[in-house]
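Data first, discussion second: the structure below is written as structure tokens.
There are 2 protein chains.
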Amino acid sequence: MFVGIDIGGTNIKLIALGARGRVLGRRSIPSDVEKGPKDAFSRIASTVSSLIADKSALTAAGVACAGLVDPVAGRLHSSPNLLAWENAPLARIAREHLGVYTVVENDANAAAYGEYFRGCGRGLGTFVCITLGTGVGGAIVIDGRLLRGSKNYAGEIGHTTICESGPRCHCGSRGCVEAYLGAYALIRETRQKLRTRRSRYLTQWVSQRCPLTPKLIAEAAAKGDSVAREVFAEAGTHLGTAMANLINIFNPDVIAVAGGVAKGFHLMKPRMDEEIRKRAFPESSRVARVARARLGTDAAAIGAALLARDSVPGR
Amino acid sequence: MFVGIDIGGTNIKLIALGARGRVLGRRSIPSDVEKGPKDAFSRIASTVSSLIADKSALTAAGVACAGLVDPVAGRLHSSPNLLAWENAPLARIAREHLGVYTVVENDANAAAYGEYFRGCGRGLGTFVCITLGTGVGGAIVIDGRLLRGSKNYAGEIGHTTICESGPRCHCGSRGCVEAYLGAYALIRETRQKLRTRRSRYLTQWVSQRCPLTPKLIAEAAAKGDSVAREVFAEAGTHLGTAMANLINIFNPDVIAVAGGVAKGFHLMKPRMDEEIRKRAFPESSRVARVARARLGTDAAAIGAALLARDSVPGR
Chain A
1419 MFVGIDIGGT NIKLIALGAR GRVLGRRSIP SDVEKGPKDA FSRIASTVSS
1469 LIADKSALTA AGVACAGLVD PVAGRLHSSP NLLAWENAPL ARIAREHLGV
1519 YTVVENDANA AAYGEYFRGC GRGLGTFVCI TLGTGVGGAI VIDGRLLRGS
1569 KNYAGEIGHT TICESGPRCH CGSRGCVEAY LGAYALIRET RQKLRTRRSR
1619 YLTQWVSQRC PLTPKLIAEA AAKGDSVARE VFAEAGTHLG TAMANLINIF
1669 NPDVIAVAGG VAKGFHLMKP RMDEEIRKRA FPESSRVARV ARARLGTDAA
1719 AIGAALLARD SVPGR
Chain B
1419 MFVGIDIGGT NIKLIALGAR GRVLGRRSIP SDVEKGPKDA FSRIASTVSS
1469 LIADKSALTA AGVACAGLVD PVAGRLHSSP NLLAWENAPL ARIAREHLGV
1519 YTVVENDANA AAYGEYFRGC GRGLGTFVCI TLGTGVGGAI VIDGRLLRGS
1569 KNYAGEIGHT TICESGPRCH CGSRGCVEAY LGAYALIRET RQKLRTRRSR
1619 YLTQWVSQRC PLTPKLIAEA AAKGDSVARE VFAEAGTHLG TAMANLINIF
1669 NPDVIAVAGG VAKGFHLMKP RMDEEIRKRA FPESSRVARV ARARLGTDAA
1719 AIGAALLARD SVPGR
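See below:
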């Protein structure tokens, strides 16, 4: 058995996986990141014990976390949500507490690896995963191997430019994919439209002090709110440009769309398809299947467990 | 020994390589594409005999050509410069005439493979090659393997969008890298500037009916012509955006710049560097070395020979 540990800013998710990749159990515990990684891993170890009764059945563990991760050294370099953990030798700490071989991976990479083998990727060919959440992330798996680049920083699809003079992005650049599709971008676009137009639901909800989130915008859109629908439709155009770029660069078999904002995917899809048709090579776009990710918030933990399974020495 | 055969619209270049990748000899013959691939390969076979006296010393051959190439089937699907050869089973024809194992590859891929192992790539890590010629092409080599994608169409860096509302590209889309950096884009920009401004050399040369080419613009720039220098400087900004996208996606060790337009590279470099600084993650751009390609017009033939060497069965 293998355990995948997804360390988020709020919760730590644990998933136990059988050798063939079947989910055997899951737990969630508070992150309490300010107490540091040693405290977290001592709590993780107790949780693993409750998840896998026979300790000798555990072969290896995979740890996923946001930020710059060095999988070779098993170290977390920097992470906006885990500031207190910076430079922590996570693989070593995990090994000490769990007593098994441990790998550490960036959460976007781990999630893509999970989707590739156990989600919508079907375990074959060239697979690109784009995550639409607060930010826009990504990762690429080719023939079962993560595309890592020189220092494991590859896959920053969200920070590729699709319009040189476009809106400011949180990364400091302009016209990044994230500057159009990140949560803050959708909120910005909605606010701008609400200044001059009345919307059936959003105007009322916002006046009732509901915080404007992509989820709220998606709910309004689902009820037929025209402003909300337009925001997603326009986002679809930019998503299509980003997709076309990925299709022309990778000639992928599958592009998975993951993350919370993907809830509005069906609203983005018509313009996305139109833009792909305009921009991508037909030979390439014909083979590229665009699919919703299937593992939801389990993806990173499952992927981490699979990475542990696939890299444990002697296998 | 191995032979690499680069089939262009005008000439066919042949390069003989030793097992360690040393160039042992080269030849060039006219393509005469309209006579078809069988005629070409019978002439190629005679040329190979003149290049490698002892026929038994030839182990395998690699064929590079522009267009959509299926390396598994050894077939050329379509090629704008080799219309008469479309759908030709090149690997089979080559095997029949040369009597050895033959691989077929797209010329951009072959050139990148050559640069990776025998040029500026140093044979390690993640390598991206961008070719600035009439069009803008590209290819990626990761840990010694070409990134092919599902059907060998990967690497179309030139047709990724860097500005959604940008100028029309020959591919039918808008704002592609090629729409700013292809030969026709540089010529378009120069013409536009010459309409309202006098340039020291270009105005005169063009009035003497010199055809406006990137080479001519580069010559004028080398003499200090302000319009020509501005054209390259502005192109540098867009090249920088394209580079930043590649850096954020691939976290490469090396990005090679190849092709004829790369002659103006030093004129593009300042703005390119500035744009990379603005747009790429510093962690990634710090490790990405941007280098001029080293093998020049030999790259595709050398790469094809290396691909043959590295894929010959039983090695």
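Protein sequences, first through last, are from chains A and B.
Position in the first sequence counted from 1, then plus 1418, gives you my numbering.
Position in the second sequence counted from 1, then plus 1418, gives you my numbering.
From the three backbone atoms N, C-alpha and C, an ideal C-beta is built for every residue, glycine too.
- Using a Cβ-Cβ cut-off of 8 Å, residue 1466 of chain A does not count as an interface residue toward chain B, since no Cβ of chain B sits closer than that to its own.
- Those residues of the stretch 1505-1539 of chain A placed with their C-beta closer than 7 Å to a C-beta in chain B do not exist.
- For residue 1454 of chain A, the secondary structure class from DSSP, reduced to helix, strand or coil, is helix.
- With at least 16 other beta carbons inside 10 angstroms of its own, residue 1533 of chain A counts as buried.
- Residue nearest to residue 1446 of chain B within the set B:1555, B:1458, B:1635, B:1512 is B:1458 (criterion: CA-CA distance).
- Under the three-state reduction of DSSP output, residue 1697 of chain A falls in the helix class.
- In this chain, the beta strand (DSSP E) harbouring residue 1556 of chain A covers 1554-1560.
- Here residue 1669 of chain A is buried: its Cβ has 16 or more other Cβ atoms, across all protein chains shown, within 10 Å.
- Contact of residue 1591 of chain A with chain B by beta-carbon distance below 7 Å involves 1696, 1697.
- Counting only Cβ-Cβ distances below 7 Å, residue 1497 of chain B has no contacts in chain A at all, with the closest Cβ about 13 Å away.
- According to the DSSP assignment, residue 1571 of chain B belongs to no alpha helix (DSSP H), since it is labelled neither H nor E.
- Taking each of A:1503, A:1520, A:1536, A:1419 in turn and checking the Cα distance to residue 1475 of chain A, the smallest one comes out for A:1419.
- Note on residue 1471 of chain A: under 16 other CB atoms within 10 angstroms of its CB, so exposed under the neighbour-count rule.
- Legend: CB atoms of the stretch 1701-1727 of chain B lying less than 8 Å from CB atoms of chain A belong to residues 1701, 1702, 1705, 1706.
- Less than 8 Å separates the beta-carbon of residue 1722 of chain A from that of residue 1481 of chain A.
- Judged by their CB atoms, residue 1717 of chain A and residue 1538 of chain A are not nearer to each other than the 8 Å cut-off.
- Taken atom to atom, the span from the alpha-carbon of residue 1613 of chain A to that of residue 1649 of chain A is near 14 Å.
- Residue 1692 of chain B counts as exposed, since fewer than 16 other beta carbons sit within 10 angstroms of its beta carbon.
- For residue 1602 of chain B, the nearest beta carbon of chain A is not closer than 8 Å to its own beta carbon.
- Residue 1684 of chain A is outside the set of residues whose beta carbon lies under 8 Å from a beta carbon in chain B.
- Contact check for residue 1432 of chain B against residue 1466 of chain B passes: the beta carbons are separated by less than 8 Å.
- Within 10 angstroms of the beta-carbon of residue 1568 of chain B lie 16 or more other beta-carbons, which makes it buried.
- A direct Cα-to-Cα measurement between residue 1623 of chain A and residue 1584 of chain A gives close to 29 Å.
- Residues of chain B whose Cβ lies closer than 7 Å to the Cβ of residue 1568 of chain A are, in chain order, 1543, 1544, 1669, 1670, 1671, 1705.
- Excluding the 5 residues flanking it on each side, residue 1594 of chain B has same chain C-beta neighbours closer than 7 Å at 1576, 1577, 1578, 1579, 1587, in chain order.
- For residue 1454 of chain A, the closest alpha carbon among the candidates A:1620, A:1652, A:1499 is that of A:1499.
- For residue 1573 of chain B, at least one C-beta of chain A is nearer than 8 Å to its own C-beta.
- Residues of the stretch 1646-1666 of chain B whose Cβ lies closer than 9 Å to any Cβ of chain A, in chain order: 1655, 1656, 1659, 1660, 1662, 1663, 1664, 1665, 1666.
- Using a Cβ-Cβ cut-off of 8 Å, residue 1425 of chain A does not count as an interface residue toward chain B, since no Cβ of chain B sits closer than that to its own.
- Taking a C-beta distance under 8 Å as the contact criterion, residue 1665 of chain B and residue 1625 of chain B do not qualify as a contact pair.
- By alpha-carbon distance to residue 1560 of chain B, the top candidate from B:1573, B:1554, B:1552, B:1444 is B:1573.
- 8 Å or more divides the Cβ of residue 1525 of chain B from the Cβ of residue 1581 of chain B.
- When Cβ-Cβ separations below 8 Å define contact, residue 1577 of chain B makes contact with chain A.
- As a beta-bridge residue in DSSP terms, residue 1479 of chain A pairs with A:1421, A:1520.
- By the beta-carbon neighbour count (other beta carbons within 10 angstroms, threshold 16), residue 1502 of chain A is exposed.
- At least one CB atom of chain A sits nearer than 8 Å to the CB of residue 1560 of chain B.
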